[in-house]
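In this note's numbering, the protein residues as written are 486 to 844.
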């Protein structure tokens with residue numbers, strides 16, 4: 486590859502979506518008028534989902550640690566020093582998340598930013614986007630982000646970064662994210678301006694009036710709509726039936742010795758969202774990879790005795806209702822949806838990139 490500057494003033498921005506997953510970032514950038522060249526991930530399920538929904542973009546199913554810059558350039562037709570090229574790196578975030586996970590499995594994700602860096606060094610795209618959990622930014626012992634920002638500065642990039650709430654960008658969740666937008670060809674002074682003031686709530690997206698018929702726990706939707714829910718044990722069904730609608734929590738059955746959970750006996754003020762119901766008039770909590778499970782957060786339906794369905798979770802993530810998710814398991818579907826960048830947030834990022842580029 487020839488390391489010369491490409492002059493393409495006024496051309497359409499083109500993006501490469503690293504750690505693309507089910508395609509949330511790619512979809513949002515496409516909606517913003519940015520041409521997505523391809524997505525890179527190592528998941529068979531995500532490959533099928535991505536290719537079904539992001540036309541014109543190539544899915545490169547490779548472990549990023551084994552993908553070379555030369556191969557990437559050849560497969561996507563990109564060259565170094567293209568001022569209209571955008572590299573997005575939204576790597577898996579379990580290592581920095583507050584949610585307890587298997588650290589031996591998630592520690593590897595902490596270093597994927599380093600792998601992303603090798604492609605930035607090789608191609609020096611005009612723009613860089615990083616989206617991740619706030620812990621990547623807030624952890625005092627985090628040298629990875631500090632070193633990454635130093636690398637950007639050495640390569641001539643200026644940037645804006647900080648913590649944003651996706652609820653201010655068209656997403657009906659209180660979903661706090663770390664966002665960085667950098668450029669070496671334009672001056673970046675701000676992150677995208679919020680378009681909402683936290684007014685979006687669950688009622689705006691779910692319910693019968695939004696096309697979601699009432700269903701029971703364990704319902705299996707055989708259509709592509711995937712209004713499918715996880716089944717509940719007899720005890721958990723009783724728990725959700727006793728939980729008041731529209732935002733109720735487990736305190737309603739805390740004194741029932743047959744329903745109370747041992748871990749919370751005398752400690753009902755901790756993890757109050759667990760086994761709780763969503764509220765119609767408030768944003769949903771962060772949709773995680775386990776949103777189909779009643780015991781993993783406030784994922785109970787506001788009225789019905791069940792956790793939210795696969796399609797309800799995807800809708801709260803702002804995926805279109807005709808977005809096709811493909812997996813052999815309910816767990817796999819939830820993982821794709823929970824790990825995704827909400828397309829509405831990605832669209833705002835894309836619109837901001839275009840405004841900066843045109844400015």
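Backbone N, C-alpha and C define an ideal beta-carbon position, used for all residues, glycine too. Quick caveat: nothing in here was measured; it's all calculated off a predicted structure.
Candidates the options, of which the one nearest residue i by Cα
i	options	result
residue 816	537, 777, 557	777
residue 639	667, 709, 750	667
residue 831	496, 721, 518	518
residue 665	622, 685, 681	622
residue 619	842, 646, 733	646
residue 730	739, 764, 747, 712	764
residue 696	797, 633, 514	797
residue 570	614, 637, 537, 741	614
residue 607	545, 811, 563	563
residue 601	654, 525, 739	525
residue 642	546, 839, 572	572
residue 523	679, 542, 531	542
residue 644	631, 675, 662	675
residue 678	840, 704, 805	840
residue 516	836, 844, 842	836
residue 712	759, 806, 742, 545	806
residue 809	742, 629, 708	708
residue 814	746, 631, 706	706
Proximity of residue i and residue j at Cβ, strictly below 8 Å
i	j	result
residue 529	residue 502	no
residue 568	residue 506	no
residue 782	residue 762	no
residue 715	residue 769	no
residue 609	residue 565	yes
residue 557	residue 574	no
residue 726	residue 790	yes
residue 757	residue 744	no
residue 690	residue 657	yes
residue 775	residue 819	yes
residue 508	residue 535	yes
residue 811	residue 533	yes
residue 512	residue 538	yes
residue 655	residue 693	no
residue 737	residue 728	yes
residue 617	residue 662	yes
Paired residues, beta bridge with residue i - DSSP
i	result
residue 658	769
residue 546	526
residue 570	499
residue 775	Answer is none; residue 775 lacks a bridge partner.
residue 663	617, 648
residue 792	785
residue 673	Answer by DSSP bridge pairing: none, since residue 673 is not bridged.
residue 520	499
residue 612	571, 668
residue 643	668
residue 762	785
Supposed close pair residue i, residue j - CB separation, criterion 8 Å
i	j	result
residue 688	residue 794	Going by Cβ atoms, the distance from residue 688 to residue 794 rounds to 16 Å, so no, they are not a contact pair.
residue 822	residue 772	7 Å
residue 604	residue 554	6 Å
residue 681	residue 652	7 Å
residue 779	residue 498	That belief does not hold up - the Cβ atoms of residue 779 and residue 498 are roughly 42 Å apart, past 8 Å.
residue 576	residue 633	Wrong, their Cβ atoms sit about 11 Å apart, outside the cutoff.
Near the ligand ATP: residue i beta-carbon under 7 Å from a heavy atom
i	result
residue 537	Absence of the ligand ATP from the depicted structure is noted, as is the absence of any ligand whatsoever, leaving it without description.
Exercise for the section: Mind the definition here: the segment 824 to 844 touches the segment 797 to 811 only if three or more C-beta pairs lie below 8 Å; say whether that holds. Expected result: yes
Exercise for the section: Report yes or no: do three or more beta-carbon pairs, one from the segment 671 to 682 and one from the segment 690 to 701, lie closer than 8 Å? Expected result: no
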